[in-house]
Amino acid sequence: MRKFIPPLLLFFVSLGLYLATLAPTVVTVFDDSLELQLALPTFAIVHPTGYPLYSLLGWLLTVVVPFGDAAFRVNLFSALAASGAVALLYAVARRLGGGLIPAFVAALLLAVSPVWWSQATIAEVYALQGLLTLLVVYTLLRWDAATEGGEQDKWLALAGLSIGLGLAHHRLTLLLMPAALVFVFWTEPDLIRRPRQWLKPILAMLVPLLFYAILPLRAGVGSLDGSYAEIGFWGWVLGGGYSTFLRENPFGIDRNIFDLLGLLVQQYGWLGIVITAIGLPLWKKRPRQFVFLLLIALTNLLFANWYLVADIEVFLIPSFIIWALFIAIGLTWLWQRIPNTQYLLSIILSCIFMLWPAYLALQRLPDQDRSAPPARAWGVHDYGRDMLASVVPDGTVVGILGEMTLLRYFQETAGVRPDVKTIAADRDDARLAAIAAGVQAAYPTYTTRPVAGLAEQFSLSAEGPLIRIWPAGGIPDDRPSGQAVSQLTPEVALAGWDAVLREPRSGPSVRLGLRWLVGTRIPADFKISARVLSPAGTLLAQTDDFPVHNSYPPTRWRPGETILDSYDLPLGTVPDQPVSLLVILYNPADGTEIARWQQANVILKEQSP
């Protein structure tokens with residue numbers, strides 16, 4: 094039982110680190126993470142190639158775990174898989190002849206390496222892929238060490254099963270197969286002449302591919318963007334669209350093999366290279382294992398050099414894992430320099446070894462901690478809830494796919510505002526067409542961002558973080574009574590204002606609402622500087638932007654309109670006394686002030702997020 098203590102300790106230490114820095118909810122809009130946080134709890138089909146093993150395990154976890162929101166539970170899946178991989182790396186290092194302390198330290202180095210750590214604290218597929226990669230290596234090493242025929246057959250079948258599980262998850266597993274075949278036939282060349290012995294491992298490899306049956310079984314639910322119905326099962330599983338990044342360079346990526354090697358160095362530093370070199374003599378006793386691991390890393394590096402995507406670092410995780418194993422052997426060489434009787438020196442060297450991952454963890458913590466500060470941890474969550482809260486009943490929101498997925502996440506996992514219709518359109522022309530159709534049908538229609546041509550065709554107002562679209566000249570004049578009109582320029586007056594203190598989890602802010610009354614056409618655009626001041630005149634918060642979330646230039650305002658405008662001003666702390674509000678209109682070209690309005694002794698009204 095004692096041999097299980099180090100890997101269990103590594104698992105729980107890593108899990109503790111990842112839980113402490115885990116994203117508490119949805120934290121991004123523009124990548125796959127948000128899609129996974131919605132697709133897994135609803136058991137929808139994930140983007141090609143479908144990731145059926147990940148989808149099934151993640152869905153089960155969202156059902157079983159009784160705490161946190163759905164996004165947190167999917168994030169937790171990554172933390173569990175990453176912690177399991179850290180523990181398994183220790184076991185693999187020991188199988189390669191690594192000492193207990195060196196293997197332990199190498200596992201910790203993987204745990205705190207920046208790319209690995211980043212994938213352990215958010216919903217993504219790469220922590221599980223790292224775990225399955227190590228499982229393939231571990232089972233093949235166990236097969237290599239087995240002495241009895243029955244034991245060898247068992248571990249070779251388990252190796253086949255591990256590869257099959259990897260193929261049921263991510264196609265990076267294909268890159269392991271050349272190295273695995275070289276290792277197997279180098280270890281036991283007679284297998285080439287005994288094809289019957291291939292049957293069990295091949296069958297074991299094929300069985301997990303049945304997980305892909307999940308896709309047609311869930312075809313009724315489909316993918317989040319609805320494209321599974323068009324592409325079909327084989328097109329989805331084969332993921333032919335991704336081959337574009339091998340044949341072409343659609344993102345204009347300028348990268349070479351030295352850039353990839355630089356990413357390797359970032360994980361463990363130059364010290365990792367030195368320690369790896371020190372351990373090379375020990376590999377003379379294990380040439381097959383050395384070549385096996387080296388082939389995995391080289392195959393991975395060559396693929397990464399040809400695969401021209403922006404986030405290539407996550408595809409290098411197999412190389413990061415292999416390098417951690419090389420470091421374990423290098424540290425073992427140093428460890429073996431100490432005589433067995435020198436217990437004090439052993440303790441001192443253990444402490445020195447442990448300082449390495451501890452130092453890297455402390456150095457990287459601020460960048461890797463997704464649980465803090467509040468704006469990073471909860472900003473996207475609060476933005477999504479704010480958007481839904483700003484829509485009138487049965488309204489329609491048009492935005493890019495990620496933003497609409499965020500709204501759907503709250504609708505489908507938390508039952509928030511199911512009456513709101515979402516329309517995803519990534520191109521300006523598609524968004525403009527969807528908006529025009531909504532306005533023509535007299536639906537309350539909103540969009541999330543400026544759209545080219547919108548201000549020329551429609552009138553706009555800001556409602557919360559959204560832009561509401563009205564027929565040209567059709568904004569209702571619903572000014573509250575009792576507020577004085579302040580004429581700021583000959584063409585425009587401030588006809589009303591409202592200041593609300595908001596305290597969502599992402600941090601306090603003042604939402605300043607302004608109502609512009611347009612008299613005549615405005616000859617030149619101006620920009621707004623909205624500020625919150627203390628009674629002594631100290632600046633507490635400031636936001637500068639063009640009106641209506643940078644979507645409605647003043648030169649497009651129509652005479653007679655009353656335009657609702659909105660500005661969010663983040664606060665460091667909640668003021669404990671009345672504040673002053675200051676609004677400055679200025680020329681965006683040179684900063685020349687055009688007009689200003691100030692209101693003193695404002696008691697901020699509190700509003701829930």
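First residue of the sequence shown? That's 94 in this note's numbering, and the numbers climb one at a time after it. Every residue, glycine too, gets a C-beta built ideally from N, C-alpha and C.
Cβ atoms of residue j and residue i: under 9 Å apart, would you say?
i	j	result
L203	L233	no
H263	V208	no
V119	A172	no
P411	L260	no
Q290	A216	no
A174	L133	no
L258	L299	no
F123	G151	no
A545	D521	yes
V625	L662	yes
H642	P558	yes
D460	S599	no
L674	A577	no
T582	L678	yes
S644	L587	no
R595	S659	no
I528	V491	yes
P141	I324	yes
V706	T121	No answer is possible for residue 706: it lies beyond the span of the chain, which begins at 94 and ends at 702.
S602	V676	no
P646	P652	no
G423	V367	yes
N393	I415	yes
Who are residue i's beta bridge partners in DSSP?
i	result
W650	Note: W650 sits in no beta bridge, so no partner.
E699	L594
E686	Y679
P663	S602
Q635	R624
R608	G589, L657
W563	S552
L674	V625, Q692
I138	S316
L580	The sequence shown places Gln at residue 580, rather than the Leu named in the question. Note: Q580 sits in a beta bridge opposite A586.
Note the first and the last residue of the continuous alpha helix (DSSP H) segment covering residue i.
i	result
P466	From DSSP, P466 is part of no alpha helix (DSSP H); its letter is neither H nor E.
E323	321-331
S176	163-188
F97	Run containing F97: none; DSSP gives neither H nor E here.
T214	First-last for T214: undefined, no H or E at that position.
S316	Segment: none, S316 is in no alpha helix (DSSP H) and carries neither H nor E.
G355	350-371
G151	145-157
L308	307-310
P282	Looking at the DSSP string, P282 is not in any alpha helix (DSSP H), and its letter there is neither H nor E.
V205	193-205
L339	337-340
P616	No alpha helix (DSSP H) contains P616, which DSSP labels as neither H nor E.
K293	292-299
V641	640-643
In terms of residues, what are the limits of the beta strand (DSSP E) holding residue i?
i	result
Y539	538-540
Exposed or buried, what is residue i when buried is set at 16 or more other beta-carbons lying within 10 Å of its beta-carbon?
i	result
Q435	exposed
S336	exposed
Y305	buried
Q691	exposed
D683	exposed
A517	buried
L418	buried
T214	buried
R608	buried
S627	exposed
F408	buried
F344	exposed
V358	exposed
I560	buried
P597	buried
Y321	buried
Is the beta carbon of residue i within less than 8 Å of some heavy atom of the ligand SAM?
i	result
G259	Among the ligands in the structure shown, none appear at all, so the ligand SAM cannot be discussed.
So within the segment 473-532, which uninterrupted alpha helix (DSSP H) runs reach at least 4 residues, ignoring any that extend past its ends? With a minimum length of 4 residues, the continuous alpha helix (DSSP H) runs that stay inside the segment 473-532 are 494-507.
Entirely enclosed alpha helix (DSSP H) segments - the segment 232-267, minimum 4 residues: 242-260
To test your reading of the DSSP string, which unbroken alpha helix (DSSP H) runs of 4 or more residues are found completely within the segment 381-459? Segments of the alpha helix (DSSP H) lying fully in the segment 381-459: 410-428.
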